[in-house]
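Student:
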Amino acid sequence: MSDAEQTLPQPRIYVAGHRGMVGSAIVRQLHARGGCDVVTRSHAELDLLDQSDVRAFFDSSHIDQVYLAAAKVGGILANNSYPADFIYENLMIECNLIHAAHRAGVAKLLFLGSSCIYPRAVPQPMREDALLTGLLEPTNEPYAVAKIAGIKLCESYNRQYGRDYRSVMPTNLYGPNDNFHPENSHVIPAMMRRFHEAVRSGAEEVVIWGSGTPKREFLHVEDMAAASIHVMNLDEDRYRANTQPMLSHINVGTGVECTIRELAETLATVTGFTGHLVFDTGKPDGTPRKVMDVSRLAGLGWQATIALEDGLRDSYRWFLEHQQQFRGQDEQTDG
1 MSDAEQTLPQ PRIYVAGHRG MVGSAIVRQL HARGGCDVVT RSHAELDLLD
51 QSDVRAFFDS SHIDQVYLAA AKVGGILANN SYPADFIYEN LMIECNLIHA
101 AHRAGVAKLL FLGSSCIYPR AVPQPMREDA LLTGLLEPTN EPYAVAKIAG
151 IKLCESYNRQ YGRDYRSVMP TNLYGPNDNF HPENSHVIPA MMRRFHEAVR
201 SGAEEVVIWG SGTPKREFLH VEDMAAASIH VMNLDEDRYR ANTQPMLSHI
251 NVGTGVECTI RELAETLATV TGFTGHLVFD TGKPDGTPRK VMDVSRLAGL
301 GWQATIALED GLRDSYRWFL EHQQQFRGQD EQTDG
């Protein structure tokens with residue numbers, strides 16, 4: 001290596017939302033890879049809802065790249081109860097960060113969205129070009145609209161200012177730093193906690209909502225972080241050759257689905273539950289099938305590596321090490 005190469009400054013990479021599930025995984029992987037200066041700020045240090053605060057941060061921090069993983073997140077109950085909070089806070093976070101990054105001359109940014117951007121009644125597997133082709137799921141429409149706006153913000157700054165702002169849309173995520181609230185968590189952490197408590201109490205059965213037949217796709221958060229870094233670092237010509245200026249987002253998932261029954265059976269194995277599974281068919285099943293088409297990402301050279309059972313075992317180990325913190329856990333901001 002030449003002296004000039006040795007003295008090149010490391011890129012400064014700001015991870016917004018570093019305490020959330022995805023943001024913390026991105027930070028771990030960036031540190032493990034090395035070759036960069038990872039910048040984080042707590043909510044007390046930087047209020048992402050405050051435009052002047054965000055602008056001052058970018059003006060003084062000399063950031064080269066941004067991973068925008070910060071968001072107000074929550075389950076169905078929280079989304080239904082606080083729709084104004086969900087649309088306002090997520091729009092403000094995105095607008096403040098993306099515009100301030102542009103003003104400060106940050107050329108590269110990756111926005112993390114959600115599979116809820118797609119219409120409620122959409123052909124499966126869900127392709128990127130299904131965006132804006134139908135009505136959204138009403139229970140989380142405000143959150144979904146904010147995430148769609150984030151994609152369009154990135155595309156608009158690319159088109160008008162020549163920025164390289166990209167977007168990735170993950171399927172259902174799970175893993176370390178997940179939300180294990182008993183009423184406000186997603187399917188894997190909710191089931192995992194239920195099985196854990198059944199084992200601890202000696203219960204003979206665990207009740208699962210619905211028939212167990214719906215099919216879902218699940219992605220470990222470490223795979224999501226790896227995919228995010230992969231997409232961020234793609235050669236710009238290759239990225240643009242595989243996307244369109246106004247259809248630039250990329251689905252991230254495994255492309256592998258399982259039934260809710262299969263998920264429950266795997267969680268029973270992982271947690272050591274040996275009792276009976278009872279499926280309450282009086283409870284709603286939801287959408288029969290929900291899986292991402294990940295062919296665009298595969299064509300860009302990335303695919304998931306963590307099998308579901310291996311990922312669930314990793315997640316359960318983390319849960320056991322941190323279970324005390326989940327008492328009283330409610331909806332949160334990944335910030």
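According to UniProt numbering, the sequence shown is numbered sequentially starting from 1.
Think of the CB as a built atom: it goes at the ideal place given N, C-alpha and C, for glycine as much as any other residue.
Please read these numbers as outputs of a predicted model, since none were measured by experiment.
Strictly by DSSP, which residues pair up with A16?
Tutor: BP columns for A16 point to L68.
Student: What does K108 pair with, by DSSP beta-bridge criteria?
Tutor: According to DSSP, K108 bridges with Q65 and D164.
Student: Find out if the Cβ-Cβ distance for the pair G74, N184 is shorter than 8 Å.
Tutor: For G74 and N184, yes; Cβs fall inside 8 Å.
Student: Which residues in the same chain have their Cβ closer than 6 Å to the Cβ of Y14, if we skip the five residues on either side of it in sequence?
Tutor: Closer than 6 Å at Cβ, skipping near neighbours: V39, I63 and V66.
Student: Is the Cβ-Cβ distance between S248 and P170 less than 8 Å?
Tutor: Contact: no.
Student: Can you say whether V291 is buried or exposed, counting buried as having 16 or more other CB atoms within 10 angstroms of its CB?
Tutor: So V291 counts as buried.
Student: With 16 as the cutoff for other CB atoms within 10 Å, does Y143 come out buried or exposed?
Tutor: Buried, by the Cβ-count rule.
Student: Can you tell me which of the three DSSP states K215 falls into?
Tutor: Strand.
Student: Nearest to W302 by alpha carbon, out of Q323, A225, G275 and D53?
Tutor: Cα-wise, what sits closest to W302 is A225.
Student: Closest to P284 by CA distance: which of E204, V168 and I260 is it?
Tutor: P284 has its Cα closest to that of I260, out of E204, V168 and I260.
Student: Looking only at its own chain, which residues have a Cβ that is under 6 Å from the Cβ of A198, when we skip the five neighbours before and after it?
Tutor: Here the set comprises V206 and F273.
Student: Quick check on DSSP: helix, strand or coil for D37?
Tutor: Strand at D37.
Student: Where L277 and T213 are concerned, what is the direct C-alpha to C-alpha distance, given to the nearest angstrom?
Tutor: The straight-line gap from Cα to Cα measures roughly 14 Å.
Student: Among all the DSSP beta bridges, which residues are the ones paired with H276?
Tutor: According to DSSP, H276 bridges with E205.
Student: Which residue or residues does DSSP assign as beta-bridge partners of T259?
Tutor: For T259, which the question treats as bridged, DSSP gives the partners K215.
Student: Go through the region 77 to 106 residue by residue and report every complete run of the alpha helix (DSSP H) that reaches 4 residues or more, in order.
Tutor: Within the region 77 to 106, the complete alpha helix (DSSP H) runs of at least 4 residues are 83 to 103.
Student: Terminal residues of the continuous alpha helix (DSSP H) containing L173?
Tutor: L173 -> not in any alpha helix (DSSP H); beta strand (DSSP E) instead, spanning N172 to Y174.
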